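Engineer:
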Amino acid sequence: MNTVCTFHHRFLRGVVRSVGLVSPLILAGLLLFVPDSGRTAGQGPVLPDGPGKAEVQKFCTQCHELEKSLSPRQDKAAWGSTVGKMVSFGMKASEQEVAMLVDYLSRSYPADDVPPIRVNTATAIEFESGLSLRRSQSLAIIRYREVNGKFRSIDDLKKVPGIDPAKIEARKDRLIFE
Ligand code: HEC
Numbered sequence: 022m023n024t025v026c027t028f029h030h031r032f033l034r035g036v037v038r039s040v041g042l043v044s045p046l047i048l049a050g051l052l053l054f055v056p057d058s059g060r061t062a063g064q065g066p067v068l069p070d071g072p073g074k075a076e077v078q079k080f081c082t083q084c085h086e087l088e089k090s091l092s093p094r095q096d097k098a099a100w101g102s103t104v105g106k107m108v109s110f111g112m113k114a115s116e117q118e119v120a121m122l123v124d125y126l127s128r129s130y131p132a133d134d135v136p137p138i139r140v141n142t143a144t145a146i147e148f149e150s151g152l153s154l155r156r157s158q159s160l161a162i163i164r165y166r167e168v169n170g171k172f173r174s175i176d177d178l179k180k181v182p183g184i185d186p187a188k189i190e191a192r193k194d195r196l197i198f199e
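Numbered by our numbering, the letters in the sequence shown go through residues 22 to 199 in order.
Next up, the structure:
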């Protein structure tokens, strides 16, 4: 009886001792390998969970900051063209990965959150994402603004060469002329 108990105690003490020694190492290891959740180098945006998150982390950090990747707030069609543009810039994603990216981005960064567009101060990127325009069209608006001065109404904006008036009309609630 006694010998068994002593053995038991010694055994337990041995376990306690080795755990005591090993656990700081395990802890350090865990701290080192905690998966980072969308943060690059300790800062940056945290991506909402969901299918496609891993793909965004993998691809949308390759050529520029994640912040830039997530800056547009736009509908699915516009996200499709943004991601398509990145493919044309050399992003090597499969068709399936592209679909995952577009789904995730349009779910997580939808057009509904789009802030109003201040037509007389907006940048090309804001026109592009806010009105789902091509870069050339956004630049045409800016050129027109430089030449003709402030836009006073939506009708002025529709006069810009190469602009689809229906697209402008569809987003008129979001436009601020001041
Ligand atoms: C192969 C390189 C590459 C990858 C990968 C990449 N981009 Fe880009 N991205 C660019 C280049 C080049 C530009 C234009 C120059 C700049 O603004 O840095 C750009 C610009 C952008 C812009 C600014 C607006 C615009 O359309 O020019 C957004 C938004 C964007 N990328 C989103 C993304 C998203 C989302 C992903 C992941 C799906 C991504 N990028 C992955 C190369 C890349």
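We put the beta carbon where it would ideally sit given N, CA and C, even for glycine. Keep in mind that this is a model prediction, so the values were computed, not measured.
Any contact of the segment 118 to 132 with the segment 66 to 81, i.e. 3+ C-beta pairs under 8 Å?
Structural biologist: Counting Cβ pairs under 8 Å, three or more are found: they touch.
Engineer: How about Ile-184 and Val-140: do their beta carbons lie closer than 9 Å?
Structural biologist: No; because the gap between Cβ atoms is not below 9 Å, this pair is not in contact.
Engineer: By a C-beta neighbour count over all protein chains shown, 10 Å radius and 16 as the cutoff for buried, is Phe-110 buried or exposed?
Structural biologist: Burial call: exposed.
Engineer: Where does Ile-146 sit, in a helix, a strand or coil, going by DSSP?
Structural biologist: Helix.
Engineer: Relative to the C-alpha of Ala-143, which residue among Ala-161, Ser-129, Pro-131 is closest?
Structural biologist: Ranking the options by Cα distance to Ala-143, first place goes to Ala-161.
Engineer: Helix or strand or just coil, what does DSSP make of Leu-91?
Structural biologist: Looking at Leu-91 - three-state DSSP - the assignment turns out to be coil, as it is neither helix nor strand.
Engineer: Under the assumption that Ser-129 contacts Pro-69 (Cβ atoms under 8 Å), give the Cβ distance between them as a whole number of angstroms.
Structural biologist: So it is a contact: roughly 5 Å between Cβ atoms.
Engineer: For the alpha helix (DSSP H) that Lys-193 lies in, which residues bound it at each end?
Structural biologist: No alpha helix (DSSP H) holds Lys-193; DSSP gives it neither H nor E.
Engineer: Is Gly-151 near Pro-131, with beta carbons less than 9 Å apart?
Structural biologist: Their beta carbons are not under 9 Å apart, which means Gly-151 does not touch Pro-131 by this criterion.
Engineer: Just tell me which of Asp-96, Lys-106, Pro-93, Ala-114 has its CA closest to the CA of Glu-76.
Structural biologist: The shortest C-alpha separation from Glu-76 is found at Ala-114.
Engineer: Is it true that the CB of Arg-192 sits closer than 9 Å to the CB of Ile-146?
Structural biologist: No. Outside cutoff.
Engineer: Assign Arg-166 to one of three DSSP states: helix, strand, or coil.
Structural biologist: Helix, per DSSP.
Engineer: When DSSP labels each residue in this structure, what does Arg-139 get in the three-state scheme?
Structural biologist: Strand, per DSSP.
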